[in-house]
Every structure is written in structure tokens, then in C-alpha cells.
Amino acid sequence: MTTHADNRYSYPRRDRPAGVLRLEPDEIVEMIRRVLPAGAGSRLAIIAEVNPRLGARWASGEVIPPADVFQWIDSEDDVLRRAGNPAAELDAIVERLRAAGLQDITIGSHLLAAEARLRNR
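Just so you know, we're using my numbering here: the sequence shown kicks off at 558 and counts up by one.
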């Protein structure tokens, strides 16, 4: 198994001239955090259908994710770069609702309900 102690990791990537993306372990962790800013370990485990502990090890950089998981992360990162910053958009919505007088507990409940709807699709 490839670990954090290794120097660089190569993954096939179709949009690179050489077809390979080489990343340092910290760059992989940064990409994971950009794609999954909260609950990355458990969400990676759901995506890959593995034990949550393994997902947490991927998210922390303790173990490097396999190529198929990395390709999912890379693809999502590309979409995020094109689509914009969902965190900033959500922050703007939250601030608008706060300005209207809605309490954080109510806003949070609606955000959780939206996540539940997304996950049940």
C-alpha cells in the first residue's frame, strides 16, 4: 500500500499532455479538503464503499487513495473550479437569512435537510 512516506504519486489524467498528474501527498490532502470540506473521511468511504476508517486515512494523508478514488476527487475538483465556490454562495444565503432575522439553528436545520435530500437522490 502506498503511504505518506513515499515522495510523489502518479495518477492517470486525461487532460494532461503526458496523461499523468504527479502530486505530493500534501497536495492530494489539499485537493480532498477543497472537494469535501466537511466530513471528508466518511464521504470518501461512502463514495468508495469502504470502511470509514480507511476513508479517514485517505482524507488525512496517512494513506494515499487508489487511482479510482483519486480520479473521482480530481473530477469533482475540476467541476468546482469551473462552477464556482459553493461555500461562498451558501455563506451569502446564510447571511441574507440572518439579515432577515432567521436564527442560526433554523438556518442550520434547513441546510441539513437540503443535504439529506441530496444524499437520498
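Glycine included, every Cβ here is placed at the ideal spot set by N, Cα and C.
Cα-Cα, which of Arg610, Leu668, Glu633, Pro609 is closest to Ile589?
Glu633
CB of Gly618 within 8 angstroms of CB of Asp648, strictly
no
Taking C-alpha atoms, which residue in Ala595, Ala624, Ile650 lies nearest to Ala605?
Ala624
For Asn564 and Arg655, what's the separation of their Cα atoms in angstroms?
Low confidence applies here, because Asn564 scores a pLDDT of 42, under 50, leaving its location unreliable; read the following figure in that light. About 46 angstroms.
If you draw a straight line from the C-alpha of Leu675 to the C-alpha of Val592, how long is it?
16 angstroms
Consult DSSP for Val586 and reduce its assignment to one of helix, strand or coil.
helix
Looking at the structure shown, is Val620 part of a helix, part of a strand, or coil, going by DSSP?
strand
Proximal residues to Ile664 (C-beta, below 6 angstroms), its chain only, five neighbours per side dropped
Val651, Leu654
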